[in-house]
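Below is one structure, written out as structure tokens; comments come after it.
Laid out in structure tokens, this is it:
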């Protein structure tokens with residue numbers, strides 16, 4: 021329960037699917053994975069509102085020294101993500117994963133580079149991984165209020181206790197016409213899978229809450245996340261997957277967006293980044309059984325992450341007086 | 021209503037989403053697109069059952085002479101589809117699209133080549149497009165009962181009146197633990213989009229009929245399509261899309277599989293092939309509006325196609341006495 | 021030296037690069053890898069000539085029972101290769117690799133399936149890998165003279181002694197305006213890399229024999245391989261590469277085509293398939309050193325394979341009286 | 021002839037291939053395409069040397085208002101390029117293309133965003149395109165001497181008169197063990213193709229100057245560009261290509277790297293970005309003829325660009341006293 025009384029999906033009596041969650045039901049159920057936020061909220065002038073921030077997903081140990089297996093999947097690429105080229109080629113992650121707003125990728129990239137250089141005196145090449153959504157409806161995005169040092173601050177604030185909703189990069193985001201932002205969830209079988217999303221997509225009419233049968237009956241609130249709406253997904257697992265297997269897992273993460281009702285709008289930047297905390301990178305041998313466990317987990321964990329973002333995020337008044345209401349829980353009931 | 025009394029989803033009082041369908045609610049709502057089936061059902065010896073076939077999706081006019089814009093998307097590639105390499109490179113389709121069982125891709129490829137050579141006396145290269153699912157649970161798949169001439173027969177049987185369920189390539193297929201097969205649907209706004217699926221995937225527990233909220237409460241029937249389960253999707257549209265745009269549309273077709281509850285199992289061959297019947301290949305200029313219309317249509321049309329396959333296909337006894345029950349309509353109600 | 025007196029490149033006093041070759045300077049320098057050919061040469065009627073065939077690259081042991089790490093790379097995809105979808109997804113090879121003419125992919129696919137079913141009584145899914153070039157200039161390609169059993173015959177004829185030039189799938193192929201076909205070569209450092217090509221591309225003016233400085237001075241013979249010209253490359257290695265690494269290696273194989281003067285013409289189907297004979301699939305740890313060794317080997321081995329095909333293949337008179345001369349060795353001198 | 025007496029390849033009496041060049045033999049032969057450099061050379065302390073910079077390739081007109089068809093191709097992805105995700109999805113370019121050093125991608129990205137926001141008061145999303153090579157051998161790369169405003173300065177300095185060698189992003193780069201940097205070239209047939217490279221790859225032994233036959237005889241100078249060596253290629257054309265066709269053209273650009281002797285080392289970031297200045301994006305109809313003209317041009321123009329970089333760049337003493345000699349022209353003769 022947040023200060024304003026907002027709750028996660030399960031605290032409201034609902035759940036997604038039949039697979040077990042980890043103890044935190046968060047990406048930090050993967051041992052050593054932590055999440056940090058820098059939240060920027062201030063009013064700089066009448067009508068000019070800063071509603072933005074930075075979120076860092078921090079892998080265990082020193083990932084630059086001991087790179088981890090990683091992969092990416094682009095469901096729709098109207099986005100400005102940095103670092104995917106090298107992940108795709110080498111199949112490794114060497115920095116935390118940073119999320120921010122669309123126009124601040126450069127600043128955060130510089131911040132990640134500075135932070136890495138500061139810890140590694142001989143580093144001369146750094147593959148900063150930064151993804152973004154567009155918070156320009158609630159945030160003075162043109163003001164470029166995110167600065168390089170915010171990357172360091174987010175990384176150093178990382179904890180296993182993951183705040184959700186209007187925090188960090190999620191501060192100014194919208195989802196299905198309501199306030200969106202950061203959400204997380206996890207699933208456990210033989211291995212654990214954690215998801216964290218930056219949810220900033222969809223119109224009210226698209227939300228597939230009641231399943232396809234009833235979707236036509238849901239009234240459109242008229243609210244819209246705009247056609248820049250996107251969803252960034254980060255998946256972490258302790259399963260010993262190699263890069264090829266992680267890419268397959270990332271594809272399944274994107275299916276969770278579809279289950280929520282997303283259709284990857286033309287102007288969306290829907291991107292999944294997946295990594296394993298098993299540094300040995302030994303791959304699972306029996307793909308049929310164990311991979312299918314993970315493949316089932318991914319859409320469920322991503323869908324529940326999206327709904328957690330929606331349920332936790334509270335009403336916000338932002339730039340130029342724009343307003344996003346908190347998601348009305350009554351819509352879960354019918 | 022089929023001879024055995026099976027019905028399509030809408031005849032049962034349900035629908036998918038709020039977008040309008042075309043007059044046939046079938047891929048043949050795209051002018052000139054027709055579908056033909058060859059259905060092979062016979063018992064060759066005690067316990068040895070042929071339950072297989074071939075389905076041809078036939079574009080308008082002479083597609084070899086006037087190639088059409090086309091694209092493919094592989095959601096999961098444990099499959100044996102032929103012809104995608106050239107579609108991906110040149111962005112064009114030059115033959116009908118043939119569907120059959122896993123071990124018969126070669127025979128049908130030769131059939132498509134023979135059929136094309138017969139009509140084009142100067143042809144010396146033909147890109148046959150063939151996709152498949154594995155019907156080995158109900159069909160004596162190792163018997164290789166599909167022969168090259170069945171390709172010709174399916175093409176020449178094509179009509180705008182699309183039979184669904186256990187016909188053509190769908191004859192021996194299973195879906196969500198019940199009898200599956202061929203299904204089709206369409207959506208209409210400024211342009212028309214049609215889908216046809218060969219549905220052969222999923223266990224009963226995975227079917228997302230009631231949406232995610234209730235999924236955990238659905239009992240598993242114990243029936244399984246096996247881990248080879250796959251779904252082939254063909255999309256046709258009269259919208260003037262180029263190959264790049266069609267590939268983006270194909271991605272959205274795959275999202276319909278996710279909406280049904282599919283997660284692209286490790287051993288699935290989930291493949292989408294999309295083509296436009298507009299030979300000019302001029303691309304839509306205002307992508308934001310018109311592309312989003314099409315992007316919304318694709319998951320809905322694919323989901324309804326899958327459910328049509330499930331609702332229409334009737335109980336079948338097959339190879340080695342294996343049985344698939346027809347989908348019980350009562351499951352739609354609760 | 022062939023019966024007609026043709027020689028390999030090194031027998032003519034030339035070499036490619038400064039890396040050492042294996043003892044056979046052939047793909048069979050990878051322990052257990054063998055190559056078999058079926059060569060079809062006959063005159064069926066005045067002017068109607070069969071000049072085609074099948075080549076099988078056979079991995080060690082029973083590859084269906086113990087699948088090997090594999091990858092593919094499509095430099096240009098105007099081609100009809102079968103089996104790449106599953107190789108790309110699962111990163112494994114489970115059949116020999118078959119090469120033939122463009123219109124015979126279906127027949128050979130059925131042949132590979134039959135051969136595999138015959139050896140594995142429980143097999144119900146087989147990913148046949150078949151690639152092709154177009155021999156329609158010298159061969160009556162529309163006659164479909166390659167039959168399914170030729171796949172079995174090529175596989176069962178496999179030996180470590182690799183015949184080159186106008187044999188197997190290379191029988192009717194052309195290269196740089198002269199007679200082309202099958203060529204092979206290898207390189208050895210810590211690990212061994214072998215290449216085999218089906219060379220059927222390029223005009224005389226494109227051959228970069230003397231390097232770029234002199235290329236403009238080489239007269240065009242007027243001969244042309246036609247715009248269907250393609251080059252299929254198979255790479256085998258005993259290095260313990262995983263599928264991601266093999267794909268990277270496959271990319272370097274394509275660079276050998278460029279070194280020969282190829283530019284991947286619009287209508288080419290230039291495709292590389294790479295596999296490792298190390299079944300453990302453990303990946304190299306020190307990518308920088310060992311991968312670069314392999315990356316240097318690949319273009320050299322492919323270039324020398326192409327030149328071996330060119331040097332060994334002898335003059336051929338084919339369909340409709342078409343003629344390809346043997347490559348004149350004098351062109352190597354100046 | 022530069023101030024220090026260095027010359028382009030053709031001024032030395034050599035050429036690449038037999039196709040005609042444009043009047044400038046530069047990427048600016050494409051009407052409206054201009055190139056600007058910011059060159060940073062200063063000694064900040066004993067042994068600490070700034071040898072870096074920024075290069076902007078500026079398309080005609082206001083590319084943000086009228087986006088141009090574009091595509092990318094990654095030959096090897098050990099690189100930090102930004103902006104490729106959106107280019108790949110939408111097939112359009114909306115900013116100049118900026119080149120700089122590896123650690124300055126973030127700063128330059130912010131600079132491009134600021135420059136675009138300054139000119140477009142309603143812009144809320146900007147896809148900055150930035151690519152890089154690693155100049156850490158000659159440059160104090162860890163000093164992060166490139167600042168955001170250098171992006172603006174490079175863009176505003178753009179001219180049709182393209183400086184080559186140790187300028188802009190090329191200031192601290194190395195190639196084949198000698199001084200490298202910026203090079204450009206063009207080819208003309210029915211349409212014009214221009215190339216610009218940032219050449220920073222290869223060891224002396226790899227340079228294929230004399231063609232493959234003699235390569236083994238070339239002595240290794242011992243100099244090395246290090247294992248971070250990369251080559252960025254920008255292609256511009258006035259041919260009316262769509263994004264799919266431009267991607268195919270980009271692949272051919274990469275073949276020019278291979279012709280020079282490059283093999284895309286494990287740690288290289290070899291990336292090609294191609295765009296058309298034809299805003300209509302109508303695609304060529306007769307791909308066979310016109311595309312092949314362009315496909316032949318690309319490797320030649322890229323190879324000559326690399327050699328121009330090598331021939332023009334002069335000796336440089338840099339960070340920690342590291343030295344790169346100018347390429348000795350005598351090596352062209354034998």
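Protein chains in written order, with our numbering: chain D, 21 to 354; chain S, 21 to 354; chain L, 21 to 354; chain X, 21 to 354. Note that CB positions come from ideal geometry on N, CA and C, so glycine has one too.
For the stretch 244-293 of chain L, the full-length alpha helix (DSSP H) segments reaching 4 residues or more read 263-280 along the chain.
From the listed residues 94(X), 114(X) and 325(X), the smallest Cα separation to residue 85(X) is found for 114(X). As the crow flies, the alpha-carbon of residue 27(D) is around 45 Å from that of residue 91(X). Per the coordinates, the alpha-carbon of residue 49(X) lies some 6 Å from the alpha-carbon of residue 42(X).
At a cut-off of 3 residues, the continuous stretches assigned as beta strand (DSSP E) that sit fully inside the stretch 58-97 of chain D are 68-78 and 88-97. Going by DSSP, residue 152(X) is part of the beta strand (DSSP E) stretching over 149-153. Less than 7 Å separates the beta-carbon of residue 215(L) from that of residue 322(L).
Taken in chain order, the members of the stretch 253-267 of chain S whose beta-carbon sits within less than 7 Å of a beta-carbon on chain X are 262, 263 and 264. Taking the beta carbon of residue 162(S) as reference, the chain L residues within 7 Å of it are 137 and 144, listed in sequence order. Annotation for residue 94(D): 291 place their beta carbon closer than 6 Å to its own, counting only its chain and skipping 5 residues before and after. Remark: C-beta atoms of residue 129(S) and residue 148(S) approach each other more closely than 7 Å. Beta-bridge analysis with DSSP links residue 215(X) to 205(X) and 255(X). Taking 7 Å as the cut-off, the Cβ atoms of residue 56(S) and residue 81(S) do not count as close. Interface annotation, residue 311(S): in contact with chain D, CB-CB separation under 7 Å. Interface annotation for the stretch 90-110 of chain L against chain S: 94, 96, 97, 98, 99, 100, 101, 102, 103, 104, 105, 106, 108, 109 and 110, criterion Cβ-Cβ distance under 8 Å. Cβ-Cβ separation between residue 338(L) and residue 71(L): approximately 4 Å, consistent with a contact (criterion under 8 Å). The secondary-structure analysis by DSSP pairs residue 296(S) across a beta bridge with 257(S).
Taking residue 22(L) as the centre and dropping the five residues before and after it, the same chain places the C-beta of 185, 332 and 334 closer than 8 Å to its C-beta, in chain order. Here the alpha carbon of residue 279(X) sits roughly 46 Å from the alpha carbon of residue 138(L).
Between residue 125(X) and residue 100(X), the C-beta gap is smaller than 7 Å, which places the two residues in contact. Close CB contacts of residue 179(D) within its chain, under the 6 Å cut and outside five residues either way in sequence, are with 54 (chain order). Within its own chain, the residues whose Cβ lies closer than 8 Å to the Cβ of residue 40(D), once the five positions on either side in sequence are excluded, are 207, 208 and 209, listed in chain order. No Cβ of chain S is located within less than 7 Å of the beta carbon of residue 330(D). Within chain S, no residue has its CB atom less than 8 Å from the CB of residue 221(D), the nearest being about 12 Å off. Comparing alpha carbon positions, the residue from 37(D), 64(D), 144(D) and 156(D) closest to residue 164(X) is 144(D). Residues of chain S whose Cβ lies closer than 9 Å to the Cβ of residue 348(D) do not exist; the shortest such Cβ separation is about 16 Å. For the pair residue 135(X) and residue 68(D), the Cα-to-Cα distance works out to about 21 Å. Taking 7 Å as the threshold, the shortest C-beta distance from residue 147(L) to chain S falls below it.
Residue 112(L) holds the alpha-carbon nearest to the alpha-carbon of residue 266(L) among 112(L), 330(L) and 285(L).
Judged by DSSP in its simplified three-state form, residue 197(L) adopts coil rather than helix or strand. By the 16-neighbour rule on beta-carbons within 10 angstroms, residue 340(L) is exposed. For residue 119(L), the enclosing beta strand (DSSP E) covers residues 117-121. Distance from residue 220(L) to residue 161(L) at the Cβ level is roughly 12 Å; contact not present, criterion being Cβ atoms closer than 8 Å.
Residue 168(L) holds the alpha-carbon nearest to the alpha-carbon of residue 73(L) among 31(L), 168(L), 317(L) and 25(L). Look at residue 42(X) here: in three-state DSSP terms it is coil, with no helix or strand label. Distance check between residue 176(S) and each of 132(S), 255(S) and 32(S) places 132(S) closest, using alpha-carbon atoms only.
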